[in-house]
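J.: Quick note: the sequence shown uses the working numbering, first residue 14, plus one each step. Where a beta carbon is used, it is the ideal one built from N, C-alpha and C, also for glycine. Structure incoming, see below.
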Amino acid sequence: SSSMRTTTPMTSRNMSALNESIKIGGGMISLAARSLIAGALDQSSAGRLDGKLREKTLTLDTLNPQVKAVEYAVRGPIVIKAGEIERYLEEGGTKPFSEVIKANIGDAHAMGQQPITFLRQVVALCTFPELMDSPSFPEDAKWRARRILQGCGGHSLGSYSASPGVECIRKDIAAYIEQRDEGVPSDWENIYLTTGASDGIMTILRLLVSGKDSSRTGVMIPIPQYPLYSAAISEMDAVQVNYYLDEDNCWALDINELYRAYQAAKLHCQPRVICIINPGNPTGQVQSKKCIEEVLHFAYEENLFVMSDEVYQDNVYTPDCQFHSFKKVLYEMGPEYFNSVELASFHSTSKGYTGECGFRGGYMEVINMDPEVKAQMVKLLSVRLCPPLAGQAAMDVIVNPPQPDAHSYKQFRQEKSSVLGALADKAKLTEQILNAVPGIKCNPVQGAMYAFPRIFIPPKAVEEAKALGMQPDMFYCLRLLEETGICVVPGSGFGQKDGTYHFRMTILPSIEKLKVLLGKVRDFHIRFLKEYSALE
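So this is what it looks like as structure tokens:
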């Protein structure tokens, strides 16, 4: 007999589950998206086979509850709404604007940034070695591609590598770290290639999370934070331990706040790890060497594992700021610290001056890990076989770029300087324009790719948002999107102190588009304040 689907009416139970599933990042998905989901539930909640009703095995009731707890604001309801508006405009619809400007995510190439030529040449040659015969490719790119391919099984980028990554690339990363940290030793066997930095972060957290009830692992994360951390903590059923960055001091780490958060958390969980993002996302600060020393001393005293997210290490814009790696600072604190504090540091192809998000390349360096635990980590890495080899090749170019005597050096240097110089100009422009708007306060964008301005939302607007079941900054950002076409992420998706509101925007658009974007934000904010009687 033939099988067929049948529809069932939307029950109150299903609608309740639907409402739960669409409360993402403090806001609600549009009615159109709600209808699509409801229709899918109607058509898939049950089916008939040989005339018998068969319930679905996997429903919202049987779904892993930790999955339902996961939130990821960077691709949340605002972005879904932006996609709907884009399609509406493409189909001939009219809005007060002609395009959606997506300032919600740090995707450099999507914002128009051009690839670094040498990196793409090497990856192209690795992918299609027949290009080695082409005079269009420089000899130094061909030499690099041959070296990488010699480290691959069958001399092919289509083979698996060892689970920790291609050996010659791991050695290049170790050499890069030693050069960056001015001679601090790096053992290539402590280097693990990953599928973007996120993969490495998730791997380390999986090792750390254990226990039940009051012995559950507590994970200390900065607030505001990159939502990967809160999402991973929810998925793994760990305990999120918030420590707040000091907005009045350019989002600096406050050692007293770390102790406060730690002592409070000990009452209901076992804090075992502290995560730091430097330069900061979404906050754009660069932590001082003194701050880093205090964090490492704190971790040493309280026996905490340290996770240092350093994917923006090349993105430092202000002359009075400098990137300090946690590993180098730890080394300078002396053998007592350097030989004992467990530290995992992360880097990526996605940020910096290359912006190669789609290659999903990254690495982590792990020091002072118990050898027996390291064996377990390698086992865990082996389960996912290996990171993409194209991403590994891209990572190799980032850590070992053309040197001054190489044919490709001049072009590489010009392209790198152009990208970082433009980002520095846009960071300064963003801060200046936003701070000139009544009711907006923006700290200096010292590094990374984002501004995280504080917005002052009038009480009447706060009341209206709450009446709609929204966070006030979600309400604000939806209005901004619907009236201007600008897509930013509400601060509530990253965490913020109660009673304060923010949004995160990337500084990646071209300087011309960024000026338009900032002008629209300024005009909208002034209209918004007038509408809710906060500005005469």
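Provide the residue span of the beta strand (DSSP E) that contains G375, from first to last.
T.: Its beta strand (DSSP E) spans residues 375-380.
J.: So, helix, strand or coil for A95, using DSSP?
T.: Correct three-state label for A95: helix.
J.: Measure the C-alpha to C-alpha separation of Q276 and R183 and round it to an integer number of angstroms.
T.: Rounded to whole angstroms, Q276 to R183 spans 39 Å at the Cα level.
J.: According to DSSP, K454 sits in a beta bridge with which residue or residues?
T.: Looking at the DSSP assignment, K454 forms a beta bridge with R467.
J.: Note down, in chain order, each residue of its chain lying with its Cβ closer than 8 Å to the Cβ of V475, except the 5 sequence neighbours on either side.
T.: Within the same chain, V475 has close Cβ partners P485.
J.: Considering only the alpha carbon of each residue, which of Y463, Q427, N203, T70 lies closest to V386?
T.: When only C-alpha atoms are compared, the closest one is N203.
J.: Could you check which residue in G375, K108, V113, L271 has the C-alpha nearest to that of V92?
T.: Closest by alpha carbon: V113.
J.: Rounded to a whole number of angstroms, what is the C-alpha to C-alpha distance between A357 and G347?
T.: Taking the straight line joining both Cα atoms gives about 18 Å.
J.: When the Cβ atoms of the segment 324-341 are set against those of the segment 356-372, are three or more pairs found closer than 8 Å?
T.: The answer is yes - the segment 356-372 touches the segment 324-341, with three or more Cβ pairs under 8 Å.
J.: Straight-line CA distance for L551 to I217?
T.: Lying outside 14 to 549, the shown extent of the chain, residue 551 is not represented and no answer is given.
J.: Do the segment 293-310 and the segment 261-281 make contact, defined as three or more Cβ pairs closer than 8 Å?
T.: Judged by Cβ distances under 8 Å, the segment 293-310 makes contact with the segment 261-281, as three or more pairs qualify.
J.: CB-CB under 6 Å to C282, same chain, minus the five flanking residues each way: which ones, in chain order?
T.: R229, G231, V252, listed in sequence order.
J.: I'd like to check one pair, C399 with Y173: are the Cβ atoms closer than 8 Å?
T.: Against a cut-off of 8 Å, the Cβ pair of C399 and Y173 comes out as a contact.
J.: Just curious, the beta strand (DSSP E) that R517 is in, first and last residue?
T.: It spans 516-519 - the beta strand (DSSP E) in which R517 sits, taken as one unbroken run.
J.: What is the rounded straight-line gap between the Cα of D200 and the Cα of A187?
T.: Taking the straight line joining both Cα atoms gives about 6 Å.
J.: Do F372 and P332 have their beta-carbon atoms positioned less than 8 Å apart in this structure?
T.: Taking 8 Å as the Cβ cut-off, P332 and F372 do not qualify as a contacting pair.
J.: Nearest to K441 by CA position, among K423, G452, G460, S430, is which residue?
T.: The shortest C-alpha separation from K441 is found at G460.
J.: If I measure Cβ to Cβ from L596 and keep anything under 7 Å in the same chain, skipping five residues before and after, which residues do I get?
T.: Coverage of the chain is limited to positions 14 through 549, which leaves residue 596 absent and any answer about it impossible.
J.: If contact is defined by three or more beta carbon pairs under 8 Å, each pair taking one atom from either stretch, is the segment 162-182 in contact with the segment 336-343?
T.: Judged by Cβ distances under 8 Å, the segment 336-343 makes no contact with the segment 162-182, as fewer than three pairs qualify.
J.: Looking only at its own chain, which residues have a Cβ that is under 7 Å from the Cβ of A312, when we skip the five neighbours before and after it?
T.: So the qualifying residues of the chain are I287, V319, V354.
J.: Once DSSP output is grouped into helix, strand and coil, what is the label at L338?
T.: Note on identity: in this sequence residue 338 is Ser, with Leu being the wrong assignment. Coil at S338, not helix or strand.
J.: What are the partner residues of I499, as DSSP defines its beta bridges?
T.: Looking at the DSSP assignment, I499 forms a beta bridge with I114.
J.: Nearest to V254 by CA position, among S430, Y242, G213, is which residue?
T.: For the residues S430, Y242, G213, the minimum Cα distance to V254 belongs to Y242.
J.: Whole angstroms is fine: what's the gap from I524's alpha carbon to K108's?
T.: Cα to Cα, I524 sits roughly 24 Å from K108.
J.: Hey, out of Y545, L527, I290, whose CA is closest to M233's CA?
T.: It is I290.
J.: Per DSSP, Q253 is paired with what?
T.: V232.
J.: Buried or exposed for E314, going by 16 or more other Cβ atoms inside 10 Å?
T.: That one is exposed.
J.: My guess is that N352 and N316 are in contact by the Cβ rule of under 8 Å, so how many angstroms apart are they, rounded?
T.: Actually they are not in contact, since the Cβ atoms of N352 and N316 sit about 14 Å apart, beyond 8 Å.
J.: Go to H310, then tell me how far its alpha helix (DSSP H) extends in each direction, as first and last residue.
T.: Segment 302-315, the alpha helix (DSSP H) holding H310.
J.: Using CA coordinates, which residue listed in R273, G293, S227 is at the minimum distance from G558?
T.: Residue 558 is absent from the model: the chain starts at 14 and stops at 549.
J.: Can you tell me the Cβ-Cβ gap for E428 and I129, rounded? I've got them flagged as a contact below 8 Å.
T.: So it is a contact: roughly 5 Å between Cβ atoms.
J.: Between Q126 and L530, how many whole angstroms is the CB-CB distance? I'm expecting something under 8 Å.
T.: Their Cβ separation, rounded to whole angstroms, is 16 Å, which puts Q126 and L530 out of contact at 8 Å.
J.: On a CA-only basis, which of S338, V308, S227 is nearest G196? Give me that one, please.
T.: Comparing Cα-Cα distances from G196 to each of S338, V308, S227, the minimum goes to S338.
J.: Measuring only the C-alpha atoms, how far is Y422 from P415?
T.: Roughly 5 Å between the two C-alpha positions.
J.: Compare the beta carbon distance of H515 and R467 with 8 Å and say whether it is the shorter of the two.
T.: Going by C-beta atoms, H515 is nearer than 8 Å to R467.
J.: Between the segment 95-110 and the segment 492-501, are three or more C-beta pairs nearer than 8 Å?
T.: Yes, the segment 95-110 touches the segment 492-501.
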